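Accompanying notes for the structure given below.
Residue numbers (our numbering): 1015 to 1245.
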């Protein structure tokens, strides 16, 4: 999948059971699980979901882990109309994590073999403290809010130089999990869904792509990962 930019989102310190649009700017919120034990970079990989759990949440079968990663690397030459909005379409984007002060990352890319219809990228990123992780989520959420209801385009590096366009949706909150749903032009039914939150000193950053994707699936993935973090 070519990484692209799209997004919208707002974080508020509201803990509720509903999913709702959140207009305006994000407001500061207290760190979640501030008193919980800090998670070390070496332990991040244990927080990620296995393939069977991902299949159950996504309601699909046959997805397997095709790639693991432990670094956030610069792009391979792609260009974005607004690099700051890239986090609204994909997770663990270098332009938004670079210089953020994170201490470690673990990610797992899950999909059906042979370029199947579903692509799920789950990642956990550690920060020095719970407050630092929370501040990062707030910053990303405010960026998503700025990018809401705009169009992002991305161009591949030569020789392809293919351009893709994404329509960025409006951010929503489900509990303290921020989500945004985006649509790629020219691909009928293709949906990019983003979700992000933090627990203790860990940012949980999820991206799903495919037909008939819903924000609820991304929030369920994040909640399941959060359950693996010591409270």
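Ideal Cβ placement from N, Cα and C applies to all residues, glycine included.
Remember, predicted model here, so these are calculated numbers, not experimental data.
Residue pairing for residue 1181: DSSP places it in a beta bridge opposite 1165, 1197. With contact defined as three or more Cβ pairs closer than 8 Å, the region 1177-1185 and the region 1158-1169 are in contact. Counting only runs of 4+ residues, the alpha helix (DSSP H) found wholly inside the region 1084-1169 occupies 1108-1111, 1144-1161, in chain order.
A direct Cα-Cα distance of roughly 8 Å separates residue 1127 from residue 1080. Per DSSP, residue 1068 is one residue of the alpha helix (DSSP H) stretching across 1065-1072. For residue 1122 and residue 1059, the gap between their C-alpha atoms comes out near 9 Å. Put simply, the region 1188-1203 does not touch the region 1104-1111. Fewer than three CB pairs are less than 8 Å apart.
Annotation for residue 1117: 1055, 1140, 1141, 1142 place their beta carbon closer than 7 Å to its own, counting only its chain and skipping 5 residues before and after.
With distances taken between CA atoms, residue 1219 lies nearest to 1134 out of 1097, 1134, 1089, 1096. Boundaries for residue 1243: no beta strand (DSSP E) harbours it, and the DSSP string shows neither H nor E there.
Cβ contact annotation for residue 1196 (same chain, cutoff 6 Å, sequence separation greater than five): 1020, 1103, 1180, 1182, 1183, 1206, in chain order. Close CB contacts of residue 1051 within its chain, under the 6 Å cut and outside five residues either way in sequence, are with 1244 (chain order).
Buried is the label assigned to residue 1185, since at least 16 other Cβ atoms lie within 10 Å of its Cβ.
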